[in-house]
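Just below is one structure, and these are the notes that go with it.
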Amino acid sequence: MGCRFMKYFFKKKNITDPSVGETLQAQRQQKKLSLEAASAATKISVKYLTALENGDYKNLPDGVYARNFLREYCYYLKLDCKYLLESFKEEINLVKIEEKDRPVFSRQLPKRQYFFSLPKVTRNIILLIAIILGFVYLGLRIEQVIAPYRLTIDFPPENYVTSERKITLTGQAEREARLFVNNQDVFSDETGRFSQEVNLKEGLNVITVKAKKKYGREATAVRQVLVK
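The sequence shown begins at 21 in this note's numbering and counts up one residue at a time.
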């Protein structure tokens with residue numbers, strides 16, 4: 021394939037001729053122009069002008085855009101636009117041939133080859149660690165999903181005795197818990213704190229607080245309040 025590249029090169033372009041980029045750079049320097057000045061005059065970024073002068077065609081936009089940049093630059097430098105466009109086309113084709121002829125394994129080396137190049141014992145250890153970590157992660161996720169919500173009642177304490185007919189129940193649940201006090205929905209704040217007034221009757225009152233999540237078990241707390 022290398023012979024085909026050299027044959028194409030000598031057929032299309034004399035090896036002693038300056039490249040498109042060399043011609044552009046020489047003309048610009050002869051006119052004592054900076055890349056910044058050329059960029060301001062042509063409205064082409066310094067990045068693309070540099071790529072043209074260096075023959076760095078990979079950093080140029082594809083197709084007609086690159087040719088338009090070259091045409092505009094040629095007009096600005098007062099060069100033979102038609103000749104340089106033809107030469108530019110030939111150089112682009114040469115770059116494509118080089119890329120095509122380059123061995124596949126020199127262009128990319130699959131990252132997974134590094135893993136398979138390790139000793140078998142090392143590979144097995146890495147796989148074992150990965151499996152263990154996977155099970156640990158899965159276990160933690162399952163626990164988060166199915167574990168009951170933590171629920172604490174701050175007031176009233178257990179076996180509370182009062183003469184009042186109304187108390188304010190307060191407590192703490194996990195964030196986003198769905199709360200019920202005696203089967204009635206209760207809302208909590210963003211930290212999980214909740215507060216709810218509860219009417220009492222004379223004698224023994226049982227207050228049941230439940231917290232639940234979609235796929236988890238319920239957390240339940242019970243308080244008995246005696247009104248005398």
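Even glycine gets a Cβ: it sits at the ideal position worked out from N, Cα and C.
Around the beta carbon of residue 233, a 10 Å sphere encloses 16 or more other beta carbons of the protein chains shown; the residue is thus reported as buried.
The beta carbon of residue 96 sits closer than 8 Å to the beta carbons of 58, 61, 62 from its chain, once the five residues preceding and following it are set aside; these are given in chain order.
When DSSP states are grouped into helix, strand and coil, residue 54 belongs to the coil group. Along the region 143 to 202, the beta strand (DSSP E) occurs as fully enclosed runs of 3 or more residues at 171 to 175, 180 to 182, 186 to 193, 198 to 201, listed in sequence order. Going by beta carbons, residue 210 and residue 188 fall outside the 7 Å limit. The beta carbons of residue 224 and residue 244 sit about 6 Å from each other, so the pair counts as a contact at 8 Å. Of all alpha-carbon atoms in 221, 48, 198, the one lying nearest the alpha-carbon of residue 214 is that of 198. According to DSSP, residue pairing for residue 228 in a beta bridge involves 242. The C-alpha of residue 152 lies about 20 Å from the C-alpha of residue 139. With contacts defined as CB atoms closer than 7 Å, residue 44 and residue 55 fail to qualify as a contacting pair. Taking the C-beta atoms as reference points, residue 220 is found no nearer than 7 Å to residue 242.
For residue 210, there is no enclosing beta strand (DSSP E), since its DSSP letter is neither H nor E.
Here the C-alpha atom of residue 107 lies approximately 60 Å from the C-alpha atom of residue 157.
Secondary structure within the region 71 to 119: the alpha helix (DSSP H) runs of 4 or more consecutive residues, fully enclosed, are 84 to 97 (chain order).
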